[in-house]
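Heads up, the thing below is written out as C-alpha cells.
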Amino acid sequence: MLEQVTRLGEYEWEVPKGTVPGMRVPGRFFLSDSLYKSLEAGAMQQLANVATLPGIIRYSMGMPDIHWGYGFPIGGVAAFELDTGVISPGGVGFDINCGVRLLSTPLTLADLGHRRELIETLYQAVPTGVGAKGPLKLSLGDLGDMMVKGAAWPVDQGYGLLEDLDHCEEQGCMAQAQRDAVSAKAKQRGMPQSGTLGAGNHFLEVQVVKEIYDQDAARAYGISPGQICVMIHCGSRGLGHQTCTDHLKVLEGATKRYNIVLPDRQLACAPLSSPEGKAYFGAMAASANYAWANRQMIMHVTRTVFEKMYRIDYESMHLVYDIAHNVAKMEEHSYEGKRITVCVHRKGATRAFGPGSPDLPPGYIKIGQPVIIPGSMGSSSYLLRGTTTAMERTFGSTCHGAGRILSRSAAKKTINGEKVKNSLSREGIIVRAPNDVAIAEEAPGAYKSSAEVVRIVDALGISNLVARLEPLGVIKG
Amino acid sequence: MSYEELDHTADIRLRVRSATSDSLFAETSLAMMQIVYGESRPGTVSQTIELSAENIENLLLDFLSEILFLSEVENIVFSSAVVHITGNSLCARVTGEPFDPERHRGGTEIKGVSYSGLRIVKEDEGYVLDILFDV
C-alpha cells in the first residue's frame, strides 16, 4: 500500500486512484518526513477506502495526525455532494462530537496556589472514568430538549452564560437534530451520564499560556501570556456510542439496498437523500447536541470550583471556543468555481473556518475560527486560527491532536504509569486518574509530537499558530 | 480464557480462539468485560439475551453491543456467560456482580464494536476471531 504513495510537495502526498479498486478520487494527506516514518499501511488503506464512497468530491483527505482507525482513518476528512453523496457513521465514529473546549480565567500562574488541592477538587467535582454518573437528574423530556437545544439547554437552566453559545461551533446546536431518531436504548444510556467526562483519552487539564505567536489573534481570543486556562476534552458518552451502534446496523442493510459496494463494512452508508441517511444524520445531530451540553455542564462545574477556590467571578471566566472532532456537517464550500452545499465528514479532524466565514462570532470574524489542538498528557497544547487556505484546500479543516504512535497494548507493556505520573510530577504537572494503566496508555511517549503536527498545519497554512499552552495538572477518566 | 491483543495504534484488537462458536461468543464477551472493568469476581446477578441476525458476524456484534448496553444501564460487571447458538440465533445467560467503583475502575471504556477487520474463521481445532473495539 505505502509503495503506491507519491510525493507532491514538502508536506503533501497522494494515494493515486486505482490503489484500491473503485476509488472515485485520489487520496491526499499532509505529513513531514519525520511523521511519514510512522505512517501505517492500515491508515493508507482506510484513506483509499473512503475514496470509493459514492459522491465524494475532490479528495479523500488525511490531516497530519492521520493514523489507523476503523472505517475512515483518524484525521480523515471527506466531502460529499448532496444529490449523489452518502453519509457514513464510519466517517464520524462511535463518539459523536467528541470535541474540545478552552476556558480562559483571569488568573495568572502566580495566582494559582494550592494546585494539588485544585486538581483533587476538580477530580471529585467532575465525574470521570468507567461507570460514572452525572450530577443532573434528567427526565426523558429533559433529555429530549437537551438533544434539540444542545449547549443552550444547560445555559437555560443556569449552567453557563449566554455568551458561551456564540463561542461554540454551530453555537453548540445542530438544528437538524431529530430526537425521535435516537433509540430508547441510547436515551437510557444518556440520561444518567450528562456532565461526565468518560474514560480513555478524555481529560480536563489546567494549563498556562506559555507563548504567543500571533498577538492580534490572541487579543481577539482573550488570551495573554501567563494566563491560566482549562481545556476540556470529551464527547457524547453512551448516548452517542449507542446511536452509532444502532444506525450502523440500519445503514449496513441500506448499503445493500442501494447497491453500494464497500471495501470495509464499517463504511456502511446510505445516500444523504435516503430515509436511512436522513435518520442517521438527525440522530447524529441530536447526539452532537448532547455532547455540547455535556461539555457545557463540565465547564460549569469547573467555573464553580475556580470561583470558590480563588474568589473570582463566574462571569470573568470566558469560553474561548468549543469545537467538534467527530462529526458530519452540511456546509457551503467552493467547488469547481461554484458555491455548493456539501456534507463534510470529519473523523478526528477539526473545522478551521477562515476569516469572514459564516458561523463565527463578531469578535472572531476578522481573525478566523479558533482551533484548539490538545497535546498528549504532559505535552503542550496549541491554539490556532482557521484560514482562507483551509477553506480553499481542505473544506475548512485541519488536524485534531497529536495522533497516536504506539498502540495501547505496546504502551502498557513498555510504559509504567506510576513512573510517568512521578516524572510529570517532577516537572510540576499533577495527574489524577482512576488507575495507573490509564496513565500508561495515554503517556506522552505513546503519541506523535503535537509540536510537529501543528508545525505542519501552520506551514501548509490550513491553520496558523496563535498560542502554546503548557499543562499544570490533568484529570483523566 | 484464550485471547491475545493484536497490534492497533488507536484501538483494541483481539484474537480469540475457542473450540466452539458458543464458547467463542462467551469468551469474547468476558474479554470485553475485562477490558472495560479490569478484574471481577463471580456474581449472582443474571440477564438473558435472545437475538437473531443475518449472519454469524452480525450476531456476534449484536451480542457484544447488547452486553455493553446491559452492563452500563443495569450496572453489572459480567463474569460468566453461557451461550447457545442455533443457526444465526442465540440465547445467552450472562451473570456477574454489581458494578463497584472501588474495584471496577481498572479498565477503559469501550465505545463500540467495529465491523472493521471482523473475521470469524473455523479451523481444524476450533474457531478464530479477530475483532476491534473502539476505546
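The listed protein sequences derive, respectively, from chains R and Z. Heads up: the first sequence begins at -8 in the numbering used here, then just goes up one per residue. Heads up: the second sequence begins at 165 in the numbering used here, then just goes up one per residue. The C-beta atom is built at its ideal place from N, Cα and C for all residues, glycine as well.
When you compare the CB of residue i with every CB in chain R, is at least one pair closer than 9 Å?
i	result
residue 271 (chain Z)	yes
residue 176 (chain Z)	yes
residue 296 (chain Z)	yes
residue 214 (chain Z)	no
residue 254 (chain Z)	no
residue 261 (chain Z)	no
residue 233 (chain Z)	yes
residue 276 (chain Z)	yes
residue 171 (chain Z)	yes
residue 236 (chain Z)	yes
residue 248 (chain Z)	no
residue 290 (chain Z)	no
residue 186 (chain Z)	no
residue 243 (chain Z)	no
residue 167 (chain Z)	no
residue 285 (chain Z)	no
residue 265 (chain Z)	yes
residue 202 (chain Z)	yes
Specify the secondary structure class of residue i as computed by DSSP and reduced to three states.
i	result
residue 8 (chain R)	coil
residue 206 (chain R)	helix
residue 333 (chain R)	strand
residue 493 (chain R)	Absent from the model: residue 493 (chain R). The displayed extent of chain R is -8 to 468, so no value can be given.
residue 235 (chain R)	helix
residue 443 (chain R)	helix
residue 317 (chain R)	strand
residue 63 (chain R)	strand
residue 1 (chain R)	coil
residue 162 (chain Z)	The requested residue 162 (chain Z) is not part of the displayed model; chain Z covers only 165 to 299.
residue 286 (chain R)	helix
residue 249 (chain R)	coil
residue 344 (chain R)	coil
residue 122 (chain R)	coil
residue 218 (chain R)	strand
residue 264 (chain R)	coil
residue 229 (chain R)	helix
residue 97 (chain R)	strand
residue 403 (chain R)	helix
residue 368 (chain R)	coil
residue 24 (chain R)	helix
residue 221 (chain Z)	helix
residue 71 (chain R)	strand
residue 226 (chain Z)	helix
Is there at least one Cβ from chain Z nearer than 9 Å to residue i's Cβ?
i	result
residue 435 (chain R)	no
residue 59 (chain R)	yes
residue 409 (chain R)	no
residue 398 (chain R)	yes
residue 429 (chain R)	yes
residue 115 (chain R)	no
residue 110 (chain R)	no
Check whether the Cβ atoms of residue i and residue j sit closer than 9 Å, and answer yes or no.
i	j	result
residue 38 (chain R)	residue 279 (chain Z)	no
residue 453 (chain R)	residue 380 (chain R)	yes
residue 143 (chain R)	residue 230 (chain R)	no
residue 348 (chain R)	residue 359 (chain R)	yes
residue 434 (chain R)	residue 411 (chain R)	yes
residue 276 (chain Z)	residue 232 (chain Z)	yes
residue 176 (chain Z)	residue 274 (chain Z)	yes
residue 241 (chain Z)	residue 257 (chain Z)	no
residue 100 (chain R)	residue 223 (chain R)	no
residue 317 (chain R)	residue 163 (chain R)	no
residue 336 (chain R)	residue 70 (chain R)	yes
residue 468 (chain R)	residue 193 (chain R)	yes
According to DSSP, which residues form a beta bridge with residue i?
i	result
residue 262 (chain Z)	Z:240
residue 374 (chain R)	R:363 and R:458
residue 254 (chain Z)	Z:215 and Z:249
residue 116 (chain R)	Bridge partners of residue 116 (chain R): none, in fact.
residue 176 (chain Z)	Z:297
residue 170 (chain Z)	Z:177
Any heavy atom of the ligand PLP closer than 8 Å to the CB of residue i?
i	result
residue 83 (chain R)	Annotation note on the ligand PLP: not contained in the displayed structure, which lists no ligands.
The stretch 115 to 131 of chain R touching the stretch 272 to 279 of chain R, judged by at least three CB pairs closer than 8 Å
Touching, no, given that fewer than three Cβ pairs across the two stretches are closer than 8 Å.
Segment contact flag, the stretch 146 to 164 of chain R with the stretch 184 to 204 of chain Z, C-beta cutoff 8 Å, min 3 pairs:
Contact between the stretch 146 to 164 of chain R and the stretch 184 to 204 of chain Z is absent: fewer than three C-beta pairs spanning the two stretches fall below 8 Å.
Contact between the stretch 78 to 87 of chain R and the stretch 256 to 269 of chain R is defined here as three or more beta-carbon pairs at a separation below 8 Å; is this criterion met?
These segments touch.
Does the stretch 26 to 35 of chain R touch the stretch 53 to 67 of chain R, meaning 3 or more C-beta pairs lie closer than 8 Å?
Touching, per the Cβ criterion.
Could you say if the stretch 352 to 367 of chain R and the stretch 320 to 336 of chain R meet the contact criterion of at least three C-beta pairs nearer than 8 Å?
Not touching, per the Cβ criterion.
Using 8 Å as the threshold, is the stretch 408 to 426 of chain R in touch with the stretch 180 to 191 of chain Z, meaning 3 or more CB pairs across them?
No: fewer than three Cβ pairs fall under 8 Å.
Examine the Cβ distances between the stretch 251 to 264 of chain R and the stretch 200 to 217 of chain R and report whether three or more of them are shorter than 8 Å.
Cβ pair count under 8 Å is below three, so no.
So, do the stretch 386 to 400 of chain R and the stretch 165 to 173 of chain Z have three or more beta carbon pairs nearer to each other than 8 Å?
The stretch 386 to 400 of chain R makes contact with the stretch 165 to 173 of chain Z: 3 or more CB pairs, one atom from each, lie closer than 8 Å.
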